[in-house]
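Numbering (my numbering), first residue to last: 13 to 130.
Just so you know, even glycine gets a beta-carbon here, dropped at the ideal spot from N, CA and C.
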């Protein structure tokens, strides 16, 4: 009986580890970045998702020379799109840009018919 309980606990721990350490259902990866002015940077990134038919949102950010975040932007990823390019405004001169994270939890203000342009 004790062995059965031990096996059950081990199986539960393995399941939790798989869920937490397995691949995410959606991920963004920077493929390029370039200056877009003294206070902005253009980022191009690829989105990999388990359901390309669903819209998603990714948060991208600009980094300044000391490594701190100079700006961030939420980007709507339409169904079917896998490569996105956008410009991020920064509070200082940006030196790089990266993808902070992506989610299927799209805020209502991003999923309207006419989302804001800025």
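Rounded C-beta distance between residue 57 and residue 111? I'm assuming under 8 angstroms. 5 angstroms
I'd like to know whether the C-beta atoms of residue 97 and residue 54 end up nearer to each other than 8 angstroms. In this structure, residue 97 sits near residue 54, with a CB-CB distance shorter than 8 angstroms.
Compute the distance between the beta-carbons of residue 115 and residue 38, then report whether it is under 8 angstroms. yes
Quick one: grab the DSSP three-state call for residue 106. strand
Could you tell me the alpha carbon to alpha carbon distance between residue 83 and residue 117, rounded to whole angstroms? 21 angstroms
Go through its chain and collect everything with a Cβ distance to residue 81's Cβ below 6 angstroms, but skip five positions before and after it. 73
Test item: CB-CB of residue 91 and residue 64 under 8 angstroms: yes
Under 8 angstroms, Cβ to Cβ, is there at least one residue of chain B near residue 82? Of the protein chains in this structure there is only one, and it is not chain B.
Using 10 angstroms around the beta-carbon of residue 109, count the other beta-carbons present and answer buried if the total reaches 16, otherwise exposed. buried
Specify, as a first and last residue, the run of the beta strand (DSSP E) that residue 86 falls within. 81–89
Give every residue of the same chain whose Cβ lies closer than 8 angstroms to the Cβ of residue 87, excluding the five residues on either side of it in the sequence, and list them in chain order. 69, 70, 71, 72, 96 and 98
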